[in-house]
Each structure stands twice: as structure tokens, then as C-alpha cells.
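The listed protein sequences derive, respectively, from chains A and B.
Every letter in the first sequence is one number past the one before it in the UniProt record's numbering, and letter 28, counting from 1, is 28.
Every letter in the second sequence is one number past the one before it in the UniProt record's numbering, and letter 85, counting from 1, is 85.
Since the structure comes first, as C-alpha cells, the remarks are kept for the end.
Number of protein chains: 2
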Amino acid sequence: MKLGNRIKELRESQGLLQRQLSAQLEIDTPMFSKIERGERRAKREQVLKIAELLKADEKELLALWLGDQIMEIVTDEEQALQALKMATNDIKENNKNKDSE
Amino acid sequence: MKLGNRIKELRESQGLLQRQLSAQLEIDTPMFSKIERGERRAKREQVLKIAELLKADEKELLALWLGDQIMEIVTDEEQALQALKMATNDIKENNKNKDSE
DNA sequence: TTACATTGGACAAAATTTGACAAGTCAAAA
DNA sequence: TTTTGACTTGTCAAATTTTGTCCAATGTAA
Numbered sequence: 001m002k003l004g005n006r007i008k009e010l011r012e013s014q015g016l017l018q019r020q021l022s023a024q025l026e027i028d029t030p031m032f033s034k035i036e037r038g039e040r041r042a043k044r045e046q047v048l049k050i051a052e053l054l055k056a057d058e059k060e061l062l063a064l065w066l067g068d069q070i071m072e073i074v075t076d077e078e079q080a081l082q083a084l085k086m087a088t089n090d091i092k093e094n095n096k097n098k099d100s101e
Numbered sequence: 001m002k003l004g005n006r007i008k009e010l011r012e013s014q015g016l017l018q019r020q021l022s023a024q025l026e027i028d029t030p031m032f033s034k035i036e037r038g039e040r041r042a043k044r045e046q047v048l049k050i051a052e053l054l055k056a057d058e059k060e061l062l063a064l065w066l067g068d069q070i071m072e073i074v075t076d077e078e079q080a081l082q083a084l085k086m087a088t089n090d091i092k093e094n095n096k097n098k099d100s101e
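So this is what it looks like as C-alpha cells:
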């Protein structure tokens, strides 16, 4: 998973330990370890907190977090690309109308 | 939601009642009504069953079902398009490697 | 009205997710 | 080679979410 990898990357580049971040997140170390390896999914608010703690771009991490969730839904599905295209068009359509209203 | 609308369309065009389909699906009518209106999400196996009962294209309905789920995740998210693009690229990448292995 | 199709809401059962805890691996320091 | 510290694995319970049922309401056509 993309988010976990990015978190690990950021964490290690700053010489931080899982123990330190998990304390700030108020979860235990095993839980943080699992999030980092993608065995468990972080909650939205945890992503925001992590971005803050790692001085990372909140939007970048949220995008990775969303991307991972989408992947969970579509992987192994034959119709994945079709579904993604549908959703993409919907969103784009929405964004258009958003301006004019 | 796309799936519910399509189901309703197919059902009505065949003159079928919610009662009849819900019986086949072994859920009650209110539940079916909710699925049709997108108030509740169908389970994967229910989608397959519905496709069968309505003589519809299984793949089409699955694509709609997946698309709805993706929409649930990304709507109201600023990073929606970015996340969708990520996932799309991932899937495409996967499909490439699939052949060569 | 009456009868039937569909919808809305409250609640329970079932399933999934989240987290804690205990025990494990692994690497480096002592 | 023992010890220490970081991280991982597995299991279980608590919490949350999902799925479904039931009853009542609404709508609609005869």
C-alpha cells in the first residue's frame, strides 16, 4: 500500500521511531506497524495527524489513503478499469457543475 | 446510484415487482427497495443473482456496483481525481505484468 | 373504500473493524 | 553470548458498521 510506504519513508528520513509516532496517535506500536505495512487501514483523522507529525503534505497523504481504499475495492475485479472510468467521469462532471451553481 | 437505477429500469421494463425479485433474493421488499434507491448497498453475490434474474449483463451490473462503491469513498474528497488516477495507473500497470508472467 | 406496491424508520443480528495485549523475531550493542 | 530495543505476529475483546426484519406510513389504482 502506498500510504504505508510513504509514511515509513518519511518517518525513517526523520529518524523517528514507530513508538514515538504511535504515542502521539494514541495507539500502540503494533497497531502503527500494521498501518505502515498496510495490514490495517488508518482512519481519516489519523492520516491528518500523521501528516502533521511528519510535516508532510496533508493532501498528498490523503490522496494515497483514498487510492489505497479504491484499490481494495477494485483489485481482482475484472471490471476495475470500467468502474474507475465511470467514477472519474462522475467526479469531473460534478466539478463542472460546482462552479456554475 | 447507478446500480439501483439500472436495476429499477430493467425490472420495470420487464413488468416485475420488487416483491418478486426480493423473494428470489431471500430478502424482504423494504430491503430490496432500499437497494434500488441506493439507501443500502447490495452484496456482490446479490448483484450476480439480480443480473441472472433480470437476464442482464453480469459484468455491466458489477461495473456499476463497483463504481458506486468508489463514489462512496471519494465523493466530497478534494483529492478524488488524484486518487482515481493513481488507482487507474496501478491497475493498468498490473494488467501489463499479468500477461508476461 | 379496498387492495396492493413501495417507502421510511426503529431495532436486532451479523459481520467487520479497531485496538490492546502477549509473545515472537531480528539486529546490534554490551 | 546475553541483553536490549525496534519492530512484527497472532489472538482476543470492544466498538462500529452493515445487513436484515418488522411495523407503520405513503402512494396509487380499481
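Ideal Cβ placement from N, Cα and C applies to all residues, glycine included.
All values derive from a computational prediction rather than experimental measurement.
Around the beta carbon of Arg37/B, fewer than 16 other beta carbons lie within 10 angstroms, which makes this residue exposed.
Shown in chain order are the members of the UniProt domain "HTH cro/C1-type" (7 to 61) of chain B whose Cβ falls below 8 Å from a Cβ of chain A: Lys59. The beta carbon of Val74/A is closer than 8 Å to those of Ala80, Ala83, Leu84 in its chain, skipping five residues each way along the sequence. Out of Ala87/A, Ile7/A, Met31/A, the CA that lies nearest to the CA of Asp76/B is found in Ala87/A. Within the region 63 to 76 of chain A, the residues whose Cβ lies closer than 7 Å to some Cβ of chain B are Ala63, Leu66, Gly67, Gln69, Ile70, Met71, Ile73, Val74, listed in chain order.
Looking from the CA of Ala42/B, the closest CA among Met1/B, Asn97/B, Glu93/B, Glu12/B belongs to Met1/B. One alpha carbon belongs to Lys49/A, the other to Met31/A, and they sit about 15 Å apart. In this structure, Leu54/A places its C-beta atom within 8 Å of the C-beta atom of Leu10/A. Secondary structure at Ile70/B: helix, using DSSP grouped into helix, strand and coil. Between the C-alpha atoms of Leu61/A and Asn95/A there is a straight-line separation of about 22 Å. The three-state secondary structure of Ala56/B, taken from DSSP, is coil. A Cβ of chain A is located within less than 8 Å of the beta carbon of Leu84/B. With respect to Ile27/A, Gly4/A sits apart: the two C-beta atoms are not nearer than 8 Å. For Asp99/A, there are no C-beta contacts with chain B under 7 Å, since the nearest C-beta of that chain is about 15 Å from it. Between Glu78/A and Lys59/B, the C-beta spacing is below 8 Å.
Rounded to whole angstroms, the separation of the alpha carbons of Met71/B and Thr29/B is 26 Å.
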